[in-house]
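What follows is a short report on a single structure.
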Amino acid sequence: MDFGLIITVFLIGFVGSYVSGMLGIGGSIIKYPMLLYIPPLVGFTAFTAHEVSGISAVQVFFATIGGVWAYRKGGYLNKQLILYMGVSILIGSFIGGYGSRFMSENGINIVYGILALIATIMMFVPKKGLDDQKLDEVQFNRWLAASLALIVGIGAGIVGAAGAFLLVPIMLVVLKIPTRMTIASSLAITLISSIGATVGKVTTGQVEYFPAAIMVVASLIAAPLGANAGKKVNTKVLQTVLALLILATTIKVWSDIF
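When you read off a place in the sequence shown, starting at 1, and then add 2, the result is the number in my numbering.
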């Protein structure tokens with residue numbers, strides 16, 4: 003790899019992981035298009051969609067470890083929610099990650115575009131009174147949570163994402179989980195999910211290890227910084243930033259498909 007490309011990949015990993023730690027997402031929602039489009043824009047050879055999804059899968063695993071570590075105190079991690087959604091999304095992401103080898107480049111991009119579009123719509127649904135609940139009194143439908151996580155896992159495994167960009171709107175809008183608990187718990191669920199996606203990508207030879215290693219280093223530095231920043235930012239601001247981020251990515255992915 004050219005030195006300039008190494009720096010480019012590191013910066014993509016750093017920016018994406020900072021945002022992922024702050025907003026409770028694995029970061030693929032922004033790192034996937036950044037890895038796909040930025041290297042050729044600055045004069046380097048483009049990664050294929052399969053390579054990008056493989057690199058993203060490995061990187062997300064390490065980014066979420068940093069984020070969960072930063073949120074481990076304060077009662078933000080809902081263990082029941084993490085268990086039910088985590089096991090389901092792990093199964094789904096392994097199925098999707100392994101099955102993606104049989105899909106075309108455009109097919110992977112279309113799945114990504116559909117997931118991002120659904121997430122965008124959900125993020126703009128009003129969420130009144132969401133953060134008025136006490137963290138130790140939060141209730142949710144366990145089987146609904148598990149079923150939705152399985153579906154998200156299959157789609158997310160295909161694109162090498164961990165699915166948090168879709169999990170977060172589901173937890174906020176459908177399960178009615180408070181914002182900061184959603185951010186912390188989704189990072190833990192995403193960590194579990196990324197195991198399935200990573201194993202699926204590695205066993206089918208879809209991972210470029212050197213660029214993935216650069217992204218991992220960036221993740222371990224930036225994700226805890228982002229998580230600590232997220233604890234201090236107003237919850238409405240966090241929701242708005244995430245909604246706009248998903249919207250921008252959705253527009254870009256679909257404009258390229260057509």
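Ideal Cβ placement from N, Cα and C applies to all residues, glycine included.
Note that the structure is predicted; figures quoted are calculated from it, not measured.
From which residue to which residue does the alpha helix (DSSP H) around residue i run?
i    : result
V54  : 51–72
E107 : 107–125
K254 : 237–259
S149 : 144–161
M87  : 81–101
G76  : Neither: G76 is in no alpha helix (DSSP H) and is coded neither H nor E.
T10  : 5–25
Is residue i buried or exposed, if buried means 16 or more other CB atoms sit within 10 Å of its CB?
i    : result
I185 : buried
G115 : buried
P180 : buried
I8   : exposed
T252 : buried
V113 : buried
F96  : buried
I194 : buried
Only counting the same chain, and skipping five residues up and downstream in sequence, which positions put a Cβ closer than 7 angstroms to that of residue i?
i    : result
I84  : S187, A190, I191
A148 : Y86, M87, S90
S221 : G15, S19, Q61, F64, A65, G68
T206 : Y100, R103
Q135 : P180
Assuming the contact rule is C-beta atoms closer than 8 angstroms, residue i and residue j should be a hit. Round their C-beta distance to whole Å, please.
i    : j    : result
G198 : G232 : In fact, because the Cβ distance is near 25 angstroms, the residues do not count as touching under 8 angstroms.
F167 : A118 : 7 angstroms
Between residue i and the rest of its own chain, which residues show a CB-CB distance below 8 angstroms, the 5 nearest in sequence each way excluded?
i    : result
E210 : F49, E53, G56, I57
Could you name the residues of the same chain whose beta carbon sits closer than 6 angstroms to that of residue i, not counting the 5 residues immediately before and after it, in chain order?
i    : result
P171 : A121, M124, M125
So is residue i in contact with chain D if we call contact Cβ pairs under 9 angstroms?
i    : result
W256 : No chain D is part of this structure, which consists of one protein chain only.
Contiguous alpha helix (DSSP H) assignments of at least 4 residues, all confined to the region 166–235: 166–171, 181–205, 211–232
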